[in-house]
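**Q** Each residue of the sequence shown is one higher than the one before, counting from 862 in our numbering. Where is the CB? At the ideal position from N, CA and C, for every residue including glycine.
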Amino acid sequence: MFSASRRAVNARLLANSVVAVVCLSLACAADEKREQPLTPEMILETKFEGKATVELQVGEVRTVNIDSVFVPEVSHVQVIQAKIAGAKIGQELVVTVSREIATRLLKLGIEDPAEHFRGKILRVSGTVEQIKRPSTPTAMVYRIQVTNLDQLESIRKP
């Protein structure tokens, strides 16, 4: 039979609820920390690689003309370079937008990606990977490849 006093039962219930509230608070704090987007500066400083959401200011946008064949209503790969305050030569973060997604943006009315993205804040999700360039082995170039329109979360003015 159960022999604990009412006071002991109440104390145990109170202790369990305090533990539950503390654990919930810690879990929420961890979620908030995970949701904070990385900056290009953070990626360069920590040499981060892996899945992340990155918020960056767009510096330069280039079109990579792979096949040099003009096809109406089809775009080429777009390379978006982040503006990074205090970056040294060879340190950069680029976002490559696949031909399919660039074509989709074209069909959505973005005829000139360079003009559309330049100077804006872009939030992009994906896998950050370091690119090794044999010609410049000391370069720190990080890339996120956009292969799905859902990876571009927001585009806004600074």
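Taking 6 Å as the limit between beta carbons, can you name the residues of its chain near glutamine 1012, skipping five residues before and five after?
**A** The residue labelled residue 1012 in the question sits at position 151 within the sequence shown. Only Val985, Ser986 and Gly987 meet the Cβ criterion.
**Q** Leaving aside the five residues before and after asparagine 926 along the sequence, list all residues of the same chain whose C-beta is less than 7 Å from its C-beta, in chain order.
**A** As a working mapping, residue 926 is identified with position 65 in the sequence shown. Same-chain partners within the cutoff: His937.
**Q** Write down the C-beta distance between isoleucine 945 and leucine 905 rounded to the nearest angstrom, noting that I regard them as a contact closer than 8 Å.
**A** Translated into positions along the sequence shown, residue 945 becomes position 84. Translated into positions along the sequence shown, residue 905 becomes position 44. Right, their Cβ atoms sit about 7 Å apart.
**Q** For glutamate 910, name the three-state secondary structure that DSSP assigns.
**A** Reading the sequence shown from its first residue, position 49 is the one you call residue 910. DSSP places glutamate 910 in coil when its eight states are reduced to three.
**Q** Would you call proline 1019 buried or exposed, if buried means 16 or more other Cβ atoms sit within 10 Å of its Cβ?
**A** Along the sequence shown, read from residue 1 onward, the residue named residue 1019 stands at position 158. When all chains shown are included, proline 1019 counts as exposed.
**Q** Which term fits isoleucine 1005, buried or exposed, when burial requires 16 or more other beta carbons within 10 angstroms of its beta carbon?
**A** What you label residue 1005 is simply residue 144 of the sequence shown in a count that begins at 1. Buried is the call here.
**Q** In the DSSP assignment, the alpha helix (DSSP H) including isoleucine 962 goes from what residue to what residue?
**A** Here residue 962 refers to the residue found at position 101 when the sequence shown is read from its first residue. From DSSP, the alpha helix (DSSP H) with isoleucine 962 extends over 960-968.
**Q** Indicate the three-state DSSP secondary structure (helix, strand or coil) for glutamate 896 in the structure shown.
**A** Looking up residue 896 in the sequence shown gives position 35. Helix at glutamate 896.
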